[in-house]
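Written out below as structure tokens is the structure these notes cover.
Numbering (our numbering), first residue to last: 82 to 185.
Here's what the structure looks like:
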């Protein structure tokens, strides 16, 4: 009785893996990811909490896009967006917490 369920699960996992590996990023995918990353980076800049690693990831994204490696470019742009979002969250958290750190 367990074997048919495991077989169905194996087939489902195989199909899911095939569908994710068949996708290849395009220049438009990179542009969309880069736009989102740059917007997050701009917000982090406004909050005066930019991380240097974010800019490094965007440089790698642009370098990969220039080389036509859009899969890598999208990954780097998404990583840059994640880093910028984390720096935004850090800035907002610290804004709330700093009064507790002040010696009275």
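We treat Cβ as the ideally placed atom computed from N, Cα and C, and that holds for glycine.
With H, G and I counted as helix, E and B as strand and the rest as coil, what does DSSP make of residue 128? The residue labelled residue 128 in the question sits at position 47 within the chain shown. Look at residue 128 here: in three-state DSSP terms it is coil, with no helix or strand label.
Straight-line Cα distance separating residue 130 from residue 164: On the chain shown, residue 164 is found 83 positions in, with the first residue counted as 1. On the chain shown, residue 130 is found 49 positions in, with the first residue counted as 1. Between the alpha carbons of residue 164 and residue 130 lies a gap of roughly 11 angstroms.
For residue 119, I'd like the list of residues in its chain whose CB is within less than 7 angstroms of its CB, leaving aside the five on either flank, ordered along the chain. The count along the chain shown starts at 1 and reaches residue 119 at position 38. Cβ neighbours of residue 119 within its own chain (closer than 7 angstroms, five residues either side excluded): none.
Helix, strand or coil at residue 107 [DSSP, three-state]: As a position in the chain shown, residue 107 is number 26, starting the count at 1. If DSSP states are grouped into helix, strand and coil, residue 107 belongs with coil.
Whole-angstrom C-beta distance between residue 162 and residue 121, which should lie under 8 angstroms: In the chain shown, the residue the question calls residue 121 occupies position 40. In the chain shown, the residue the question calls residue 162 occupies position 81. With a beta-carbon spacing of about 5 angstroms, residue 121 and residue 162 fall inside the 8 angstroms limit used to define contacts.
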